[in-house]
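In what follows, a structure is listed as structure tokens, so that the remarks can point back to it.
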């Protein structure tokens, strides 16, 4: 992952913190999520998605080993990156499920590749908040403004409803390299930046039963795979390929853009079935 982020012919060097500048990094979100440049289909990501222990964990959740996987991105957070907008990013408590989907439908995951100690960057969840998801969307949201998009940002008032009204407080998850973190997509969560020098490196992984996917979703998933495009946290639904080009702060498309992975994955049976290209 660190080899990938330094492969764009910029002065960025992981060993030299003075080169940790925003302008030397590939285009990424304010929360240090990389989802463009076909990174979602790099060999190292598919090798990780194919790991038997990760697939086994999701298989236990769903009761089947016939799974699809999301084409999600990665997170690389370099502490103290110079001029990085993430330094001033506010808390972004959210859920990754539409109010129109109130039942248990999606499990998100983080494959932890770095330490996430008390002072390191990492995931924050609101334990058991998923149990109040239906009550929340039915009583605290204007139904006329509900969206089918599986992403819902909470306001300060929404967070207070959970914290003060229900006594649900944020909990920072501590983890070590090799750990796998799973949570119900109805759970409120966000990330915090490091107060340490630990570089955060994680991959977002989410699997769901292939039987959950409609024919249309499988067609869209196959199209995304053929175009080396990323998607969302959802493996079987909400298949919205990320086909936009990375745009630099000056408004121009990054000339270093990639339309395919720098190192393509091996297209074996495991990969093709997880991608929804080959049926079980």
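In our numbering, the protein residues as written are 2 to 281.
Ideal placement from N, C-alpha and C gives every residue a C-beta, glycine not left out.
Cβ neighbours of residue i in the same chain (closer than 7 Å, five flanking residues each side left out)
i	result
residue 240	218, 221, 222, 225, 232
residue 79	21, 200
residue 274	281
residue 152	95, 97
residue 148	99
residue 60	66, 68
residue 159	141
Cβ-based burial, residue i [other Cβ within 10 Å; buried from 16]
i	result
residue 272	buried
residue 101	exposed
residue 281	exposed
residue 105	exposed
residue 154	exposed
residue 179	exposed
residue 6	buried
residue 68	buried
residue 202	buried
residue 39	buried
residue 92	exposed
residue 71	buried
residue 238	buried
residue 145	exposed
Top-ranked residue by Cα proximity to residue i, from the options
i	options	result
residue 266	50, 74, 17, 123	50
residue 28	75, 148, 166	75
residue 94	143, 170, 43, 14	170
residue 113	6, 256, 206	206
residue 167	134, 61, 55	134
residue 250	31, 64, 18	31
residue 161	137, 147, 144	137
residue 150	38, 203, 186, 158	186
residue 11	261, 255, 268	255
residue 103	44, 111, 252, 132	132
residue 52	204, 214, 252, 215	204
residue 164	175, 41, 128, 184	128
residue 327	107, 46, 41	Because the chain in this structure spans residues 2 to 281, residue 327 falls outside the shown range and cannot be described.
residue 236	245, 215, 142	215
residue 58	184, 213, 279	184
DSSP bridge partner residues for residue i (one or two, in chain order)
i	result
residue 76	34, 203
residue 160	According to DSSP, which records beta bridges pairwise, residue 160 is partnered with nothing at all.
residue 243	231
residue 95	154, 190
residue 112	181, 204
residue 209	69
residue 254	248
Close-in-space but distant-in-sequence residues of the same chain around residue i (CB under 8 Å, 5 per side omitted)
i	result
residue 1	Here the chain comprises residues numbered 2 to 281, so residue 1 is not present and cannot be evaluated.
residue 44	262, 264, 265, 266, 267
Residue j beta carbon less than 8 Å from that of residue i
i	j	result
residue 230	residue 8	no
residue 189	residue 130	yes
residue 277	residue 195	no
residue 36	residue 243	yes
residue 77	residue 116	no
residue 282	residue 209	An answer regarding residue 282 cannot be provided, because it is not within the stretch 2 to 281 covered by the chain.
residue 192	residue 126	no
residue 234	residue 66	no
residue 175	residue 110	no
residue 252	residue 173	no
Own chain residues within Cβ distance below 6 Å of residue i, not counting five before or after
i	result
residue 3	15
residue 13	7, 20, 25
residue 247	28, 37, 255, 258
residue 269	none
residue 42	229, 262
residue 279	273
Cβ of residue i within 8 Å of any chain C Cβ
i	result
residue 109	No chain C is present in this structure, which holds just one protein chain.
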